[in-house]
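For the sequence shown, our numbering begins at -17 and goes up steadily by one. Right, one structure below, let's go through it.
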Amino acid sequence: MVNLSTYSKFAILGLVNNSLYVIILSLAMDLTSKNTPKSLILLLNILPALILKFFAPILIHNQISHKKRVACLIIINSLSMWLIAFKKIYVGIVMASLMSGLGELTFLQIASSKFGENGINGWSVGTGFAGICGSLFVLVITSLLRLSVTTCLVGSSLIPLGFILYWHLPQNEYQQVDNASQDQNNLNLESGDDESTDKLGLVRELLYPFMLPLMLVYFAEYLINQGITPVLLFPIKQHSILFRKYRDQYVLYGTTYQLGVLISRSSGNYIRFKNVWGLSILQVINVGMLLIEALYFPIESVYFIVLCSFYEGLLGGSSYVNVFLNVNELYSTCSSQKREFCMGVVTISDSFGILFAALFGLILEPSLCKHQVANGRDYCISS
């Protein structure tokens, strides 16, 4: 039975945690020069989070309390958006990335060990809402209201205050599950060598069914978002309401992609995939299809790209929620400590996929743009 209080609160926490990440990516064209690959913003937005999530399950799992982590999320996230707004762009993005990784790691661990599927489903829905809300926030502020990017960034610095909701999670449920698992955790404490061996074994168990397909689907979708769609630009008609600049098309792609993510991440209670490899393969096919479009433009329509972006979001969001639900289900009878470790490890895989996409996109986007310009299509250098 779904506990709506827990579910909705984790949804809001997921929304708050991922919103700044989405806002930064949606403004990639505004935060870089015309000749700078947009994947640079993606790289700065994911690499620090990946490094943190890689070491955190081992180094800070039992060292820094959840309360202290959440306090850091509020303060540093807000500061990072002010830094980006006032031209300390790269420093601000790195700080926001670190906090995004810390937030995902912390709240997935809390959800898994204290609240089970109820918390994980809520978190997944919230992160899906973050995508569409963050993209719409940028779309409305910059494309419809025509306010400045600085105004958009300063306004977004208030979003991390939503983490205060952490102190309002249902304490009875939290404490009850925590106490029930404490005795089992004490029985499972092992010597350092045995514990390290056990952790390596868990990583091997998680690698093929969960980590690799999640990494692949994220590689494919972020390669599309930061390496291909920035050059999928079309002539702007006079008096267009949605498109006054070429960057407006890119913002719309991101918004419809995030709408797909929201819908699919909200489906965890209704549609389950025990094997997520099929979703990953479909996303790779999507990459191939959009690459052909970027090279030859067989379908000359901005709305075709909008549709592809929506489909891309459906695949990516479904992969995310099903992987974490499957991991939670597989290790549901294990100790709270082991479930937290498994969740922490699996969160690394999507970050690796995004990192590889960012590195590949640094080469792909300029190459596609150069190809288009050589063939008389120069929108990518006019954006």
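Ideal Cβ placement from N, Cα and C applies to all residues, glycine included.
With 16 as the cutoff for other CB atoms within 10 Å, does residue 356 come out buried or exposed? exposed
CB of residue 199 within 7 angstroms of CB of residue 298, strictly: yes
Just checking my contact of residue 333 with residue 78 at CB under 8 angstroms: how many whole Å lie between their CB atoms? That belief does not hold up - the Cβ atoms of residue 333 and residue 78 are roughly 14 angstroms apart, past 8 angstroms.
Quick check on the DSSP output: the alpha helix (DSSP H) that includes residue 207 runs from which residue to which? That residue, residue 207, is in no alpha helix (DSSP H); it is neither H nor E in DSSP.
Cut-off 6 angstroms between Cβ atoms - residues of its own chain near residue -4, not counting five sequence neighbours on either side: 105, 108, 109
Between the stretch -14 to -5 and the stretch 133 to 152, are three or more C-beta pairs nearer than 8 angstroms? yes
Same chain, Cβ closer than 6 angstroms to residue 38, five either side skipped, listed in chain order: 87
Assigned secondary structure, residue 315 (DSSP; H/G/I helix, E/B strand, else coil): coil
Over the uninterrupted alpha helix (DSSP H) stretch that includes residue 232, give me the two end residues. 228 to 247
Using 8 angstroms as the Cβ pair cut-off and three pairs as the minimum, do the stretch 188 to 202 and the stretch 293 to 313 touch? yes
Looking at the secondary structure, which residues open and close the alpha helix (DSSP H) in which residue 72 lies? 71 to 92
Report buried or exposed for residue 310, applying the criterion of at least 16 other Cβ atoms within 10 angstroms of its Cβ. buried
Excluding the five sequence neighbours on either side, which residues of its own chain have a C-beta within less than 7 angstroms of the C-beta of residue 47, listed in chain order? none
Quick one: give me the first and last residue of the alpha helix (DSSP H) that residue 278 is part of. 259 to 278
Rounding to the nearest angstrom, what Cα-Cα distance links residue 213 and residue 350 in this structure? 7 angstroms
DSSP three-state assignment for residue 50, whether helix, strand or coil: helix
CA-CA distance, residue 270 and residue 96? 41 angstroms
At the level of alpha carbons, what is the spacing between residue 187 and residue 329? 15 angstroms
Among 65, 62, 180, 117, which residue has its Cα nearest to the Cα of residue 320? 180
By Cβ distance below 7 angstroms, which residues in the same chain neighbour residue -13 in space, the five residues on each side in sequence not counted? 152
Of all the options 293, 231, 196, 274, which has the alpha carbon lying nearest to the alpha carbon of residue 244? 293
Please determine whether the Cβ atom of residue 281 lies at a distance below 6 angstroms from any heavy atom of the ligand MN. No copy of the ligand MN appears in this structure; indeed no ligand is present at all.
Quick check on the DSSP output: the alpha helix (DSSP H) that includes residue 95 runs from which residue to which? Run containing residue 95: none; DSSP gives neither H nor E here.
For residue 3, I'd like the list of residues in its chain whose CB is within less than 8 angstroms of its CB, leaving aside the five on either flank, ordered along the chain. 27, 78, 79, 82, 112, 116
Given residue 250, which residues of its chain have a CB within under 6 angstroms of its CB, disregarding the five upstream and five downstream residues? 103, 106, 303, 307
Top-ranked residue by Cα proximity to residue 25, from 130, 209, 91: 209
By how many angstroms is the C-alpha of residue 69 removed from the C-alpha of residue 225? 26 angstroms
Given a threshold of 16 other Cβ atoms within 10 Å of its Cβ, counted over all protein chains shown, does residue 257 qualify as buried or as exposed? exposed
Taking the alpha carbon of residue 248 as the point to measure from, which residue in 237, 301, 260 has its own alpha carbon closest? 301
Consult DSSP for residue 252 and reduce its assignment to one of helix, strand or coil. coil
Output yes or no for whether 7 angstroms exceeds the beta carbon distance between residue 331 and residue 193. yes
Assuming residue 322 contacts residue 94 under a Cβ cut-off of 8 angstroms, what Cβ separation, rounded to an integer in Å, is found between them? 6 angstroms
Spatial neighbours of residue 241 in its chain, beta-carbon cut-off 7 angstroms, leaving aside the 5 residues before and after: 114, 292, 295
Count the CB pairs spanning the stretch 126 to 135 and the stretch 15 to 23 that are closer than 8 angstroms, and state whether there are at least three. no
Check residue 282 in the structure and name its three-state DSSP category. coil
Of the choices 35, 336, 49, whose alpha-carbon is the least far from that of residue 195? 336
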